[in-house]
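Undergrad: One structure follows; several queries about it will come next.
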Amino acid sequence: MLENIRLSFQGIFSHKLRSFLTMLGIIIGIAAIIAIVSTIKGTSEQIKENLVGSGNNIVEIKLSQGEWGYVSGDSQPPKNVPVVDDAIKAEIEAVDEVVAVASYRLGTMYEGIYFGNTGMEGATVIGTDPDYMELVGYTVTRGRMFVPDDFKNYNRFAILDDGAASALAGGDDPVGKTLEIKGVPYVIIGVVEQQDSFAPKIETLEDWETYYGNGAGGKVFVPDTVWPMIYGFDEPYNVVVKPTNTEAMTKAGKKTADILNDKIKSGSSSSSMGEEQKEDSESRFKYKSQDLLEKAKQMQEVSNSTSRQLIWIASISLLVGGIGVMNIMLVSVTERTREIGLKKALGARKSVILWQFLTEAAVLTFLGGVIGVGCGIGLAYLIANVAETPVAISGAAIVVSVAFSTIIGIVFGFIPSIKAANLNPIDALRYE
Amino acid sequence: MLLELKHLYKNYIQGNMEVPVLKDINLSIDEGEYVAIMGPSGSGKSTLMNIIGCIDKPTSGTYLLDGYEIEKCRDRELSRIRNKEIGFVFQNFNLLPRQSALDNVGLPMQYAGFSKKERKARAKRMLEMVDLADRVSFKPTQLSGGQKQRVAIARAMVNNPKILLADEPTGALDSKSGIAVMELFDRLHAEGATIIMITHSEEIAGFAKRVIRIIDGELLENTPEQKEEKEDE
Numbered sequence: 127m128l129e130n131i132r133l134s135f136q137g138i139f140s141h142k143l144r145s146f147l148t149m150l151g152i153i154i155g156i157a158a159i160i161a162i163v164s165t166i167k168g169t170s171e172q173i174k175e176n177l178v179g180s181g182n183n184i185v186e187i188k189l190s191q192g193e194w195g196y197v198s199g200d201s202q203p204p205k206n207v208p209v210v211d212d213a214i215k216a217e218i219e220a221v222d223e224v225v226a227v228a229s230y231r232l233g234t235m236y237e238g239i240y241f242g243n244t245g246m247e248g249a250t251v252i253g254t255d256p257d258y259m260e261l262v263g264y265t266v267t268r269g270r271m272f273v274p275d276d277f278k279n280y281n282r283f284a285i286l287d288d289g290a291a292s293a294l295a296g297g298d299d300p301v302g303k304t305l306e307i308k309g310v311p312y313v314i315i316g317v318v319e320q321q322d323s324f325a326p327k328i329e330t331l332e333d334w335e336t337y338y339g340n341g342a343g344g345k346v347f348v349p350d351t352v353w354p355m356i357y358g359f360d361e362p363y364n365v366v367v368k369p370t371n372t373e374a375m376t377k378a379g380k381k382t383a384d385i386l387n388d389k390i391k392s393g394s395s396s397s398s399m400g401e402e403q404k405e406d407s408e409s410r411f412k413y414k415s416q417d418l419l420e421k422a423k424q425m426q427e428v429s430n431s432t433s434r435q436l437i438w439i440a441s442i443s444l445l446v447g448g449i450g451v452m453n454i455m456l457v458s459v460t461e462r463t464r465e466i467g468l469k470k471a472l473g474a475r476k477s478v479i480l481w482q483f484l485t486e487a488a489v490l491t492f493l494g495g496v497i498g499v500g501c502g503i504g505l506a507y508l509i510a511n512v513a514e515t516p517v518a519i520s521g522a523a524i525v526v527s528v529a530f531s532t533i534i535g536i537v538f539g540f541i542p543s544i545k546a547a548n549l550n551p552i553d554a555l556r557y558e
Numbered sequence: 003m004l005l006e007l008k009h010l011y012k013n014y015i016q017g018n019m020e021v022p023v024l025k026d027i028n029l030s031i032d033e034g035e036y037v038a039i040m041g042p043s044g045s046g047k048s049t050l051m052n053i054i055g056c057i058d059k060p061t062s063g064t065y066l067l068d069g070y071e072i073e074k075c076r077d078r079e080l081s082r083i084r085n086k087e088i089g090f091v092f093q094n095f096n097l098l099p100r101q102s103a104l105d106n107v108g109l110p111m112q113y114a115g116f117s118k119k120e121r122k123a124r125a126k127r128m129l130e131m132v133d134l135a136d137r138v139s140f141k142p143t144q145l146s147g148g149q150k151q152r153v154a155i156a157r158a159m160v161n162n163p164k165i166l167l168a169d170e171p172t173g174a175l176d177s178k179s180g181i182a183v184m185e186l187f188d189r190l191h192a193e194g195a196t197i198i199m200i201t202h203s204e205e206i207a208g209f210a211k212r213v214i215r216i217i218d219g220e221l222l223e224n225t226p227e228q229k230e231e232k233e234d235e
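Taken in order, these protein sequences are the chains called Y and R.
In terms of the numbering used here, the numbers along the first sequence are unbroken and rise by one, the last being 558.
In terms of the numbering used here, the numbers along the second sequence are unbroken and rise by one, the last being 235.
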């Protein structure tokens, strides 16, 4: 066997150009597959990392009307959506997949926020419950966080995120100073910043809309108990839950949304009992879980199915390469007819001849596979460089590719090898 | 008796015609004989040689070699017989061009299943026997015709075959190298080898102890009496 492999290398290197051209189909096919798999895998891993993050496995359940999230101040508060109170939160917390739950109100202020003479446009105002800020990963950089008494006593305190702080106070320390929201003064008690692992990565304009909407100017947090002073009573809440683990995100989000949507139904007099009423589904208020894991999985599924299709197309090149190998092996058998005849005359069995040619075909395509993997990795990095996408080289893909190319050699080398093995020694020896 | 051919016929198909090449060949050769088969080209001597060497099959008749009924042997067994019982020397040497003299000589041992070490040792001894000890790692292209033929003879003898078959062994050589090859045959014969050689040269046939003539597919001389007569001459 080793002897055969040595002879095969000898044969391949004695016809360098011919061997290379024969391998080319295999090289191109394998290189294409490796490049596709590496690029798609890299992109897919990045999608998941961007959306789910390393520590940010929380699920938002947002109240939405049709496609749009509900934002206080943009439109009239819906009458049939109840306020998320402690009883509802307790019900959500009882869900198996949920570890912690918090609620917040979301509003925008196109104008009406002032810090001294500095006004701020398009700020997002968040009415936080006592648990929300900690749950979504805000940490204090200056001043302090809200304490339970702030909520109980309806303290008109505000906390700025780093975006709002720099927009309003510039480099100055805003803590202890006064912020005016809709003409009502609030004392700024702290500045916060969201931990990296919780902050979404912004890749596209769509992402930006999703995460920041029109609140580009920064975030202002106030206790949810003082919310009615700004927007009025009975403004609905959004909910965030922390699932037991990343894999439970989908279930936790769906169950929480179900609980909340049940409350909408029971409090509603106008909407009917049907699950999905087509006529008012457009305008109907509904809690939707924004499950990032699910979204990531969907996007990965899309990229995976794309890569599968591309791999099928690349496989055509492997088929063509295999036929090329068969062709050149047939030529090689014809060229070496005398050698085959001699070997048979010297006592070589059919199997000896068969293995000699099978080995040669397999070594040829194995080499093609190895070169193809090298080219594929190079190509993947080239694509990554040009398209600025990440690369994830898949060890499994490399092993499978090389094994598969070797199998191609054996499969397509079979007919020529059988032909060689069955040559009549006397006919082969006489062959000119 | 080492080999025995009885009522052996061989026809070739040419178009729709069957052309007889060998007609009712009866021949027996004992161990240790040195036989020359002579005849003009197209007489069928090469075909006879190929049938004796088990690389061609007769159309009818029987061939007994060292107790084996060759026409009943299966492919596997024929390979073994070609490998162990027969050593072939060709007119045009038929060495593998990309392999060294040593590897060429060791090739039949490889098919017999010897280890690389055994192959090397024995092939080296065989090359010493044909006075090519200093050409062990040479490739055929680096050897002269006479040297190539001596490598081929070493290869033919490496598995200690019962018969050495030589098809015009000097046909591609100059007369000096040809004589050297014939002297080597003489030596092998003296050591007990059975040699069957095809030639069309009377001079070369003169080295053999028994001469068989074949004309138009028929043997002219194959009786033991004639052989003895020849030996007496």
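Cβ atoms here follow ideal geometry from the backbone N, Cα and C, with glycine treated the same way.
Please identify, using Cβ separations under 9 Å, the residues of the segment 444-473 of chain Y that lie next to chain R, in order along the chain.
TA: 464, 465, 467, 468, 469, 470, 471, 472, 473
Undergrad: Against chain Y, which members of the segment 96-113 of chain R pass a CB distance test of less than 8 Å?
TA: 96, 98, 100, 109, 110, 112, 113
Undergrad: Within 10 angstroms of the Cβ of residue 387/Y, are there 16 or more other Cβ atoms? Answer buried if so, exposed if not.
TA: buried
Undergrad: On the three-state DSSP scale, how would you describe residue 205/R?
TA: Helix at residue 205/R.
Undergrad: On the premise that residue 436/Y lies in contact with residue 346/Y, defined as a C-beta separation below 8 Å, what is that separation, rounded to the nearest angstrom?
TA: The Cβ separation is near 48 Å, so there is no contact.
Undergrad: If you reduce the DSSP assignment to three classes, tell me which class residue 370/Y lands in.
TA: coil
Undergrad: Using a cut-off of 9 Å between C-beta atoms, extract the partners of residue 555/Y located in chain R.
TA: 52, 57, 92, 96
Undergrad: Helix, strand or coil: how does DSSP classify residue 22/R here?
TA: strand
Undergrad: Within 10 angstroms of the Cβ of residue 381/Y, are there 16 or more other Cβ atoms? Answer buried if so, exposed if not.
TA: buried
Undergrad: Determine the contact status of residue 11/R and residue 27/R, defining contact as a CB-CB distance below 9 Å.
TA: yes
Undergrad: Using 8 Å for Cβ pairs, my map puts residue 251/Y next to residue 316/Y. What's the rounded Cβ distance?
TA: Incorrect: roughly 16 Å between the Cβ atoms, too far for contact.
Undergrad: Cβ atoms of residue 291/Y and residue 344/Y: under 9 Å apart, would you say?
TA: yes
Undergrad: Identify the residues that DSSP records as bridge partners of residue 226/Y: which are they?
TA: 368/Y
Undergrad: For the segment 447-518 of chain Y, which segments carrying the alpha helix (DSSP H) assignment without a break, of at least 4 residues, lie completely within its bounds, in sequence order?
TA: At a cut-off of 4 residues, the continuous stretches assigned as alpha helix (DSSP H) that sit fully inside the segment 447-518 of chain Y are 463-471, 476-513.
Undergrad: Is any beta-carbon of chain Y found at less than 9 Å from that of residue 83/R?
TA: yes
Undergrad: Please look up how many angstroms separate the CB atoms of residue 91/R and residue 155/R, rounded, as I've assumed it's under 8 Å.
TA: 6 Å
Undergrad: At the 9 Å Cβ level, is residue 132/R part of the contact set with chain Y, yes or no?
TA: no
Undergrad: Report yes if the CB atom of residue 246/Y is closer than 9 Å to the CB atom of residue 259/Y, and no otherwise.
TA: no
Undergrad: Report the partner residues of residue 283/Y according to the DSSP bridge assignment.
TA: 313/Y
Undergrad: Do residue 68/Y and residue 470/Y have their CB atoms nearer than 9 Å?
TA: A query on residue 68/Y cannot be resolved here, the shown segment of chain Y reaching from 127 to 558 and no further.
Undergrad: Within 10 angstroms of its Cβ, does residue 177/R collect 16 or more other Cβ (buried), or is it exposed?
TA: exposed
Undergrad: Rounded to the nearest angstrom, what separates residue 394/Y and residue 206/Y at their Cα positions?
TA: For residue 394/Y, the predicted structure reports a pLDDT of 45, less than 50, and the residue's modelled location is therefore unreliable. The matter cannot be settled from this model.
Undergrad: If I follow the unbroken alpha helix (DSSP H) through residue 136/Y, where does it start and stop?
TA: 128-140
Undergrad: Please classify residue 57/R: does DSSP put it in a helix, a strand, or coil?
TA: coil
Undergrad: Give me, in chain order, the residues of the same chain whose beta-carbon lies closer than 7 Å to that of residue 341/Y; leave out the 5 immediate sequence neighbours on both sides.
TA: For residue 341/Y, the pLDDT reaches just 45, beneath the cut-off of 50, and the residue's location in the model is therefore unreliable, leaving the point undetermined.
Undergrad: Reducing DSSP to helix, strand and coil, say where residue 170/Y ends up.
TA: For residue 170/Y, the three-state secondary structure derived from DSSP is helix.
Undergrad: Return the CA-CA distance between residue 149/R and residue 134/R, expressed in angstroms with no decimal places.
TA: 7 Å
Undergrad: Span of the beta strand (DSSP E) holding residue 13/R?
TA: 5-16
Undergrad: Using a Cβ cut-off of 9 Å (strictly closer), state whether residue 261/R contacts chain Y.
TA: A query on residue 261/R cannot be resolved here, the shown segment of chain R reaching from 3 to 235 and no further.
Undergrad: Which of helix, strand or coil does DSSP assign to residue 219/Y?
TA: helix
Undergrad: Answer yes or no: does any C-beta atom of chain R fall closer than 9 Å to that of residue 121/Y?
TA: The structure shown does not extend to residue 121/Y, since chain Y spans only 127 to 558, so no value can be given for it.
Undergrad: For my contact list, residue 492/Y and residue 528/Y are in at a C-beta cut-off of 8 Å; report their separation, rounded to the angstrom.
TA: 7 Å
Undergrad: Would you report the Cα separation of residue 227/Y and residue 379/Y, rounded to the nearest angstrom?
TA: 11 Å
Undergrad: If we cut at 9 Å on Cβ distances, does residue 124/R have a partner in chain Y?
TA: no
Undergrad: Kindly indicate the opening and closing residues of the beta strand (DSSP E) around residue 349/Y.
TA: Residue range 345-349 is occupied by the beta strand (DSSP E) that includes residue 349/Y.
Undergrad: Go to residue 35/R, then tell me how far its alpha helix (DSSP H) extends in each direction, as first and last residue.
TA: Segment: none, residue 35/R is in no alpha helix (DSSP H) and carries neither H nor E.
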